[in-house]
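Note that our numbering has the sequence shown beginning at 8, numbered continuously upward.
Reviewing the structure listed below.
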Amino acid sequence: MSSAARLETALEEMAAGLAVALDTESNSFYRYPEQLCLVQIATARRVYLLDALALGDLAPLGRITGDPAIQKVIHGADYDVRSLDRHASLRVRNVFDTSIAARFAGLEQVGLAALAEGLLGVKLDKSKRLQRADWGLRPLSRELLEYAAADVRHLLALRDILAERLGALGRAEWVAEECARLEEVRHAPPDTELAFLAVKGSRDLDGRGLAVLHALCAWREAEARRLQRPHFHIVSDAALAFLAAHPHAELSAAPGLGESAQRRYGRAIREALKAGLAAPPLRRPPSSSLWVRPTAEQNERLRRLKEWRAAQGRALELDPALLWPMASLERLARAPATLRAELAAPEVRRWQRERFGEQLREWLEK
């Protein structure tokens, strides 16, 4: 669907129901910055494939995504919510994430293909060839269009089965709270100026090496934007880290920097190396929080707290990580008397406080 008029008609049908299934496709493997290429929406009657590139303005879709009366059923919603925010400034309200629901239902395999086959008897093609397709190409093949449609076609049926299981287990409110938190997810633009600090191997560099790595990453960022190609299509992180550590080495010694890349980028890389060597040495910014090595007593308390959480997981047949945040356990291991404040920590859910708060209090008082 590529016309605003057809979108308007589709939105009317979507608005008539109580729920829609939603998914998105982008082209991050092929373009930088990535584009939102396709939005798939399924109602109880049909599947709509919205050509985001052709439509351009997706603001009208906000009447559906932002309507709290219409549930949006999404599998692995975090990425899609961020993508719609980033590319179309759309908010997503009333989310039911089938991946989260499956985990709280106690299922071990929570991928979409596994759920579709295990709960519905439907086999989905999840080959890497299709998963890594370039969704920015036009026209999209019939095979890709069918793949995209299949990603939403079965979500409403999966929601019904999972919701019934969660209700029987008494965990529907747990999942509702988890999904409500997804409404607050936003895209955070990366700080390209500090991207060099995230390169593997950067912590092993001295001030001079960091300055060189910064110059190399700045060149690659500009080149990626100029060519509209992902960073790894230009030069790999491993190659830049090697050159930052060995700025006088032959380019051919850098891992993954083949003859083609040397011919294409060799001069620019040498100029970036020269600029980095001439720049003042850099220092890695200090950590925002000072890490203090825990005492033996604190380590033992953390071990026992983790054992407590694991025991709860076994009793409920759930992944222990779902039951209480590790960061909270680490803080309690250091300062067990702070439980009152810990129960109000933003990462601790209401359902966790109600279900496990008193148990934690009793355990810490022992």
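Heads up, the beta-carbon is just placed ideally off N, CA and C, and yes, glycines get one too.
None of these values were measured; they are calculated from a predicted model.
For a cut-off of 8 Å, the C-beta gap from Ser90 to Ser134 is around 22 Å, too long to register as a contact. Residue environment: Gly265 is assigned as exposed (fewer than 16 neighbouring CB atoms within 10 Å of its CB, all protein chains considered). Every alpha helix (DSSP H) stretch that sits fully inside the segment 54–111 and reaches 4 residues is listed by chain position as 59–62, 69–72, 84–95 and 105–111.
Distance from the CA of Ala248 to the CA of Leu212, rounded to the nearest whole angstrom, comes to 9 Å.
Here the segment 102–120 lies against the segment 76–83, with 3 or more beta-carbon pairs under 8 Å apart. In the same chain as Ala282, and ignoring 5 residues on each side of it, the C-beta atoms closer than 7 Å to its own belong to Ala222, in chain order. In the displayed model, Glu190 falls within coil according to three-state DSSP, outside both helix and strand. Counted as a single uninterrupted DSSP element, the beta strand (DSSP E) harbouring Glu32 occupies residues Ala26 to Ser33.
By the criterion of a C-beta distance shorter than 8 Å, Leu127 is surrounded in its chain by His161, Ala164, Leu165 and Ile168, once the five residues flanking it on both sides are discounted.
Along the segment 252–279, the beta strand (DSSP E) does not occur as any fully enclosed run of 3 or more residues. Beyond the five residues adjoining it in sequence on each side, Ala49 comes within less than 6 Å, by CB distance, of Ala28, Val159 and Arg160 in the same chain, given in chain order. Taking the Cα of Leu330 as reference, the smallest distance to any Cα among Ala202, Ala286 and Gln366 is reached at Gln366. In the assembly as shown, Glu372 is an exposed residue. Its beta-carbon has fewer than 16 other beta-carbons within 10 Å. Cβ atoms of Thr72 and Arg53 stay farther apart than 8 Å, at about 18 Å. Cβ-Cβ distances below 8 Å link Leu152 to Leu56 in the same chain, with the five nearest sequence neighbours on each side left out; the list follows chain order. Residue environment analysis places His194 among the exposed positions, since fewer than 16 neighbouring C-beta atoms fall within 10 angstroms of its C-beta. DSSP places Val46 in the strand class (E or B) of the three-state scheme. Per DSSP, reduced to three states, the secondary structure at Ser335 is helical. Assigned with DSSP and collapsed to three states, Asp211 falls in helix. Contact check between the segment 309–318 and the segment 335–345: three or more CB pairs, one atom from each, fall below 8 Å, which counts as touching. Nearest neighbour of Ala59 by Cα position, chosen from Leu68, Leu43, Ala66 and Ala51, turns out to be Leu43.
Counted as a single uninterrupted DSSP element, the stretch harbouring Arg178 is not any alpha helix (DSSP H), since DSSP gives it neither H nor E. The Cβ atoms of Leu176 and Ala112 sit closer than 8 Å to each other. In this chain, Thr302 is not harboured by any alpha helix (DSSP H), its DSSP state being neither H nor E.
In this structure, the CA atom of Met21 is about 26 Å from the CA atom of Arg145. Shown here, Asp244 sits in a helix according to DSSP, grouped into three states. Under the three-state reduction of DSSP, Trp142 is assigned to coil, being neither helix nor strand.
For a cut-off of 8 Å, the C-beta gap from Ala279 to Trp226 is around 4 Å, short enough to register as a contact.
In this structure, Glu184 lies near Arg356, with their beta-carbon atoms less than 8 Å apart. Put simply, the backbone Cα of Val206 is about 22 Å away from that of Tyr86. Less than 8 Å divides the Cβ of Leu309 from the Cβ of Ala340. The beta-carbon separation of Pro237 and Ala231, rounded to 7 Å, stays under the 8 Å limit for a contact. Distance from the CA of Arg38 to the CA of Gly143, rounded to the nearest whole angstrom, comes to 8 Å. Here Arg362 carries a helix assignment [DSSP, helix/strand/coil]. Residue state for Ala318 is assigned as helix, using DSSP reduced to three classes.
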